[in-house]
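Residue numbers (the UniProt record's numbering): 1 to 588. All C-beta atoms, glycine included, are put in the ideal place defined by N, C-alpha and C. Everything below concerns the one structure shown next.
Below, the structure is given as structure tokens:
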């Protein structure tokens, strides 16, 4: 059967009869030729996708030209200088036209993507939406604001590939719920942005759309998996974007690119209409959230999204509007903090960022209390890794059948592909020398049965209760802690997936967590990094040291955490950190 199919394909492609005849020479020849045919078919699909993407960017240029002709004398520099809240106000008051704003950001997004390759698709429906906006009697909170969305967020008439060949050609029949709510609030989704292949990675490269670079330093990764969003916003091509997060995929690109990002509690915002290569994960909570240049932008966004339209379109989202009284409260906070999670030693700049922020908060009258996340090794290995790969990564690996693995992801996929028996043997051998890597290999074997999966879900719930008990004992309001950074050198995220320990903890707990840039990596940090050994002195520690070298001048952030469903308190804490940091910078 395979031989006949292969023969037909080769003859159709004009391959000469002697080669077709060679198929009959034996099964080895068939296998080799069949692999060649599959690879050729993959390349053909990717070439078609690239042509389609180039056509989309050309259409983007044409729309920009058309808008400019209709609106001569556009003050692009002025528009780009405005914050999201300032721009939204001027649009609602009609001091700026929505056409001029859309033109400005289309043009800027084109410039940024030519530099760092972050835009994957132009959402041409934005033209029609622009005309519909003029007919609306009520102006939403995001009226006329151009918005960028991560590649796998569903938009009618466009594809969501997740960076995988098998998703090519699957055109979305409808908008995702988040896109519908954005449109209802007057926002104009105008581009989709790049992601790593499969999105289980925090670099930003795939073989369909290529590698996205960090606009702050082209030798650095923009982070991921919402890396295209991070790069576009940091480069000035968008004011507000949407990413998703299952291990830090909003917070890591925000950290690497010097942005503010919020990972809400799961189900605070709707994820209906998002493509995913790993549906069905329950132990670790994935969520969608905003990324922007400042906290005020995140606040405006959450106020806009937490509306009746969202609650109507997705009844699984609790009808909990934005609670202004919590966000605007001036009560002093009891803040738990830690500089080191005990799993990965923080880089010198990560540690310093927390120390400096802690001092500023203390000077402002807040109470700072040392906090130690309980049993972090257990969380990362047993709860997170075993939770996200409960099936031994079988579901994820299925998505790579009939695909070529991107070089950025090869280290991860090669590890996941090791047979379970061999993983267990390797773990046993490595345990005395590299215990952390051995634990990770064991966790990658998965849970083994439905019975064990239920036990795993129960273990996550028990740990969440344990963590909250510690939180309540200290009477904490929020937690201040590090976020991975500064930006990694390209190629390292795929070799250090476990280094997401600082962020994935809060996906296991399902707590809201946000990132705020507070400082920049210094030469002193670089010097101190030379003495970095890590907690285990294993290959992972060595890689982390290599990953963050040559980062002087790049942003470094902290992470702000609240209990579940307390996004308003999390944002209020983020705003306090941002305000104190800005004041301190002005003094200096």
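Q: Counting only the same chain and skipping the five closest in sequence on each side, list residues whose C-beta sits under 7 Å from that of residue 170.
A: 159
(Q) Between the alpha carbons of residue 142 and residue 59, how many angstroms are there, rounded? (A) 25 Å
Q. Alpha carbon to alpha carbon, how far is residue 285 from residue 68?
A. 44 Å
Q: Check whether the stretch 278 to 298 touches the stretch 240 to 259, counting contact only when three or more Cβ pairs, one atom from each stretch, lie closer than 8 Å.
A: yes
Q. Comparing alpha-carbon positions, which option in 172, 106, 280, 357 lies nearest residue 483?
A. 357
Q) Using a Cβ-Cβ cut-off of 6 Å (strictly less than) and excluding sequence neighbours within five positions of residue 238, which residues of its own chain qualify? A) 148, 232
Q) Which first and last residues belong to the beta strand (DSSP E) in which residue 192 is found? A) 188 to 193
Q | Collapsed DSSP secondary structure at residue 23 in the structure displayed | A | With a pLDDT of only 48 at residue 23, under the threshold of 50, the placement of this residue in the model should not be trusted; the figure read from the coordinates follows. Three-state result, residue 23: helix.
Q. Which residues bound the alpha helix (DSSP H) around residue 311?
A. 308 to 313
Q: Determine which residues share a DSSP beta bridge with residue 447 and list them.
A: According to DSSP, which records beta bridges pairwise, residue 447 is partnered with nothing at all.
(Q) Is the separation between the beta-carbon of residue 272 and that of residue 417 shorter than 8 Å? (A) no
Q: Report the three-state DSSP secondary structure of residue 260 (helix, strand or coil).
A: strand
Q) Once you ignore the five residues that flank residue 307 on each side, which residues in its own chain have a CB closer than 8 Å to its CB? A) 181, 184, 185, 321
Q: Apply the 10 Å Cβ neighbour rule to residue 131 and answer buried if 16 or more other Cβ atoms are within range, or exposed otherwise.
A: exposed
Q. For the 8 Å Cβ check, are there 3 or more pairs between the stretch 184 to 201 and the stretch 150 to 159?
A. yes
Q: To the nearest angstrom, report how far apart residue 173 and residue 76 are at their CA atoms.
A: 35 Å
Q | Three-way DSSP call (helix, strand, coil) for residue 224 in this model | A | coil
Q: Can you have a look at residue 120 and say buried or exposed, based on whether 16 or more other CB atoms are within 10 angstroms of its CB?
A: buried
Q. What do you get for residue 400, buried or exposed, if any count of 16 or more other CB atoms within 10 angstroms of its CB means buried?
A. buried
Q | Buried versus exposed call for residue 378 [16 or more other C-beta atoms within 10 Å across all chains shown] | A | exposed
Q.
For a cutoff of 8 Å on Cβ pairs, would you count residue 142 as touching chain B?
A. Structure shown: chain B not included; a single protein chain is present.
Q | Spatial distance of residue 265 from residue 565 (CA atoms) | A | 6 Å
Q: Taking only the alpha-carbon atoms, compute the straight-line gap between residue 582 and residue 519 and give it to the nearest angstrom.
A: 10 Å
Q: Look at the alpha carbon of residue 85 and the alpha carbon of residue 312, and state the distance between them as a whole number of angstroms.
A: 26 Å
Q.
Can you tell me whether residue 213 is buried or exposed? The criterion is at least 16 other CB atoms within 10 Å of its CB, across all chains shown.
A. buried
(Q) Assuming the contact rule is C-beta atoms closer than 8 Å, residue 589 and residue 102 should be a hit. Round their C-beta distance to whole Å, please. (A) In the structure as shown, the chain begins at 1 and stops at 588. Residue 589 is therefore absent and cannot be evaluated.
**Q.** Per-residue DSSP class, three states only, for residue 199
**A.** coil
Q) Do residue 460 and residue 453 have their CB atoms nearer than 8 Å? A) no
Q. Closest by CA to residue 326, which one among 351, 217, 570, 91?
A. 570
Q.
Taking 8 Å as the threshold (C-beta atoms), are residue 369 and residue 604 in contact?
A. Nothing can be reported for residue 604, as the shown portion of the chain is limited to 1 through 588.
Q: Out of 215, 541, 122, 144, state which residue places its alpha-carbon closest to the alpha-carbon of residue 64.
A: 122
**Q.** Unbroken beta strand (DSSP E) run spanning residue 337, endpoints
**A.** 334 to 337
Q. With a Cβ-Cβ cutoff of 8 Å, do residue 230 and residue 257 count as a contact?
A. yes
**Q.** Residue range of the unbroken alpha helix (DSSP H) whose run includes residue 280
**A.** Residue 280 -> no alpha helix (DSSP H), and no H or E assigned at all.
Q: Please classify residue 540: is it buried, with 16 or more other beta-carbons within 10 angstroms of its beta-carbon, or exposed?
A: buried
Q) Comparing alpha-carbon positions, which option in 338, 221, 246 lies nearest residue 234? A) 221
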